[in-house]
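I have placed the structure first, in the form of structure tokens, so that the comments after it can refer back to it.
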Amino acid sequence: MTALTSLTLKAALDGLKAKQFSSMELTKAHIAAVEAARPLNAYILETPEAALASAEASDARLAKGEAGALEGAPLGIKDLFCTKDVRATACSKILGDFQPPYESTVTSNLWRDGALMLGKLNMDEFAMGSSNETSAFGPVVNPWRIAGSNKSLTPGGSSGGSASAVAADLCLGATATDTGGSIRQPAAFTGTVGIKPTYGRCSRWGVVAFASSLDQAGPIAKTVEDAAILLKSMSGHDPKDSTSLDIEVPDFASFVGKSVKGLRIGVPKEYRVDGMPAEIEKLWQDGINWLKEAGCEIVEVSLPHTKYALPAYYIVAPAEASSNLARYDGMRYGLRAEGGNLTEIYENTRAEGFGAEVKRRILIGTYVLSAGYYDAYYLKAQKVRRRIADDFEQAWQKCDALLTPTAPSAAFGLGENSNDPIAMYLNDVFTVTTNLAGLPSMSVPAGLDAQGLPLGLQIIGRPLDEGTVFSIGGAIEKAAGFAGKKAERWW
Ligand code: GLN
Numbered sequence: 098m099t100a101l102t103s104l105t106l107k108a109a110l111d112g113l114k115a116k117q118f119s120s121m122e123l124t125k126a127h128i129a130a131v132e133a134a135r136p137l138n139a140y141i142l143e144t145p146e147a148a149l150a151s152a153e154a155s156d157a158r159l160a161k162g163e164a165g166a167l168e169g170a171p172l173g174i175k176d177l178f179c180t181k182d183v184r185a186t187a188c189s190k191i192l193g194d195f196q197p198p199y200e201s202t203v204t205s206n207l208w209r210d211g212a213l214m215l216g217k218l219n220m221d222e223f224a225m226g227s228s229n230e231t232s233a234f235g236p237v238v239n240p241w242r243i244a245g246s247n248k249s250l251t252p253g254g255s256s257g258g259s260a261s262a263v264a265a266d267l268c269l270g271a272t273a274t275d276t277g278g279s280i281r282q283p284a285a286f287t288g289t290v291g292i293k294p295t296y297g298r299c300s301r302w303g304v305v306a307f308a309s310s311l312d313q314a315g316p317i318a319k320t321v322e323d324a325a326i327l328l329k330s331m332s333g334h335d336p337k338d339s340t341s342l343d344i345e346v347p348d349f350a351s352f353v354g355k356s357v358k359g360l361r362i363g364v365p366k367e368y369r370v371d372g373m374p375a376e377i378e379k380l381w382q383d384g385i386n387w388l389k390e391a392g393c394e395i396v397e398v399s400l401p402h403t404k405y406a407l408p409a410y411y412i413v414a415p416a417e418a419s420s421n422l423a424r425y426d427g428m429r430y431g432l433r434a435e436g437g438n439l440t441e442i443y444e445n446t447r448a449e450g451f452g453a454e455v456k457r458r459i460l461i462g463t464y465v466l467s468a469g470y471y472d473a474y475y476l477k478a479q480k481v482r483r484r485i486a487d488d489f490e491q492a493w494q495k496c497d498a499l500l501t502p503t504a505p506s507a508a509f510g511l512g513e514n515s516n517d518p519i520a521m522y523l524n525d526v527f528t529v530t531t532n533l534a535g536l537p538s539m540s541v542p543a544g545l546d547a548q549g550l551p552l553g554l555q556i557i558g559r560p561l562d563e564g565t566v567f568s569i570g571g572a573i574e575k576a577a578g579f580a581g582k583k584a585e586r587w588w
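Be aware that the sequence shown starts at 98, since it is given in this note's numbering, and climbs by one per residue.
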């Protein structure tokens with residue numbers, strides 16, 4: 098069992114094609130691993146029967162030589178994705194037992210290519226959070242622990258279930274989403290690879306909306322190559338999402354392992370923030386050195402509006418969220434609370450159904466959009482957003498990609514930041530910029546800190562240049578020698 102679940106996606110796909118094992122065996126091994134790992138709380142819904150039925154169908158296709166690109170591969174799906182006739186809650190009580198009558202485009206693309214679903218993964222409620230603690234299903238536990246301690250750590254958020262499941266070998270890869278860092282920060286906290294592609298690469302159709310101008314789907318995977326394989330399947334034009342890009346999807350995996358010689362790597366000086374642990378500073382320097390050794394040219398660049406990114410994000414994202422979440426009123430689907438009249442039903446449903454962080458976002462969003470405050474907050478934030486995008490445009494004159502840390506710390510303890518929203522929001526300081534600018538960005542595990550916890554480096558690329566991001570990610574992965582490092586099993 099252990100051997101099959103510890104394979105990378107690529108190795109598993111190769112093994113299936115070479116008939117070294119069947120999808121049925123691979124899937125059974127994963128189902129057993131998922132059951133044994135319930136203390137991690139990564140899966141909030143397991144779908145073993147459907148997984149086994151899909152595995153059988155995949156084995157039949159493999160036998161006939163009709164295998165798709167992901168044929169027979171068991172994956173985990175973040176609960177933000179609508180899955181036909183399978184409960185999708187966004188980890189909010191307000192959706193109740195909602196069973197979508199349709200499938201999201203991203204997951205449909207994965208099934209089209211032969212992948213199968215093991216179950217739905219835990220996350221922060223409506224993807225609002227950086228620690229998975231806002232989930233109505235309780236927090237996810239990071240498989241990684243501080244050396245010699247049994248304290249429970251966060252896997253990050255909002256895609257904490259996806260990150261934990263991949264790190265603990267509970268699937269070969271997972272879907273995730275990133276509005277302000279929710280793919281990259283959990284990837285950094287769990288020693289996994291996560292990429293948020295260019296805005297518009299993946300269709301948002303059937304992904305529960307948080308902040309539509311920032312939301313993007315992407316994979317969390319065990320290796321850079323696995324992330325490339327998954328992203329290729331997930332991407333593509335979809336007429337059902339008007340922001341989906343009608344352009345060719347490159348073979349991302351072909352960029353992994355490609356030489357990075359001659360690439361100019363920008364190091365933005367504004368990402369050197371106060372109070373950043375020395376170890377993260379050092380890791381960043383390691384990354385710079387590795388890329389230099391691989392033949393890259395390192396250039397210092399300036400992104401002068403970086404310090405306004407977090408405040409701008411925490412205006413734009415809640416503003417869009419307050420609008421998107423207006424649909425949860427107890428009338429159409431999900432939870433309905435009792436009340437004497439229509440308004441009372443609305444009020445009671447929303448009071449009961451939304452958790453504290455979601456309510457905070459709705460209040461902030463409603464405030465910054467209201468007459469009298471709109472210009473001072475929302476409009477101003479939109480202007481800042483433009484400036485941040487312009488900063489990147491300037492940087493591309495001098496470099497081909499940027500290298501930064503992914504997060505300002507390693508994984509922290511559950512409960513440590515949950516009473517201080519500002520401390521929690523600060524986790525996103527290096528990640529929100531690329532959502533505001535719509536750029537592709539990846540987190541690659543680059544080392545362990547002194548406590549034995551994984552740390553990630555972030556690579557930011559030009560719009561639509563995921564290829565270069567994958568090449569650099571591959572180079573860092575190789576130089577860091579992180580591949581194969583796993584959390585010691587305690588669950
Ligand atoms: N942590 C950020 C937030 O709470 C980002 C979340 C996300 O990317 N979905 O908004």
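Note that the Cβ used here is the ideal one computed from N, Cα and C, for glycine as well.
Assigned secondary structure, residue i (DSSP; H/G/I helix, E/B strand, else coil)
i                 : result
methionine 98     : Because the pLDDT at methionine 98 is just 43, under 50, the model does not fix this residue reliably, and the value given afterwards should be weighed accordingly. DSSP places methionine 98 in coil when its eight states are reduced to three.
glycine 354       : coil
proline 171       : strand
proline 145       : helix
proline 347       : coil
glutamate 513     : coil
threonine 251     : coil
glutamate 397     : strand
leucine 104       : coil
phenylalanine 286 : helix
aspartate 487     : helix
aspartate 275     : strand
lysine 125        : helix
glycine 477       : At residue 477 the sequence reads lysine, which differs from the glycine that was named. The answer is helix: DSSP assigns lysine 477 an H, G or I state.
glutamine 548     : coil
threonine 403     : helix
phenylalanine 195 : coil
isoleucine 557    : strand
Whether residue i touches residue j by CB criterion (9 angstroms)
i              : j              : result
glycine 169    : asparagine 524 : no
alanine 273    : glycine 315    : yes
alanine 324    : isoleucine 292 : yes
cysteine 188   : methionine 220 : yes
valine 183     : alanine 147    : yes
alanine 584    : glycine 288    : yes
tryptophan 241 : proline 537    : no
proline 401    : aspartate 338  : no
alanine 577    : alanine 543    : yes
leucine 110    : leucine 149    : no
serine 341     : asparagine 206 : no
alanine 160    : lysine 114     : no
threonine 251  : glycine 245    : no
leucine 267    : alanine 134    : yes
Close beta carbons around residue i, own chain, < 6 angstroms, minus the five adjacent residues each side
i             : result
methionine 98 : In this prediction, methionine 98 has a pLDDT of 43, which is less than 50 and means its spatial position is unreliable; what the coordinates show is noted afterwards. Cβ within range, chain order: Ala126, Ala129.
leucine 380   : Ala543, Gly544, Leu552
valine 465    : Ile412, Ala416, Tyr474, Tyr475
Same chain, Cβ closer than 8 angstroms to residue i, five either side skipped, listed in chain order
i              : result
leucine 142    : Asp176, Val183, Arg184, Gly216, Lys217
glycine 469    : none
valine 413     : Ala308, Ser310, Leu311, Tyr475, Ala478, Gln479, Arg482, Leu533
isoleucine 362 : Ile385, Leu388, Cys393, Glu394, Ile395, Val396, Cys496, Asp497, Ala498, Leu499, Leu500, Ile569
aspartate 156  : Ser119, Ser120, Met121, Gly169
glycine 512    : Glu230
Residue i Cβ short of 8 angstroms to the ligand GLN heavy atom set
i                 : result
threonine 274     : yes
serine 227        : yes
methionine 255    : Before going on, a small fix: residue 255 reads as serine here, not methionine. Because some heavy atom of the ligand GLN lies under 8 angstroms away, the Cβ of serine 255 counts as near it: yes.
glycine 193       : no
aspartate 221     : yes
glycine 278       : yes
alanine 414       : yes
asparagine 524    : yes
valine 370        : no
asparagine 138    : no
glutamine 282     : yes
phenylalanine 307 : yes
alanine 224       : yes
asparagine 421    : no
asparagine 514    : no
valine 529        : yes
asparagine 532    : yes
Below-9 angstroms beta-carbon distance, residue i vs any chain B residue
i             : result
threonine 287 : Looking at the structure shown, chain B is missing, and only one protein chain is on hand.
Cβ shell of residue i (< 7 angstroms), same chain only, five flanking positions each side left out
i              : result
proline 347    : Gly564
asparagine 514 : Ser228, Ala520, Met521
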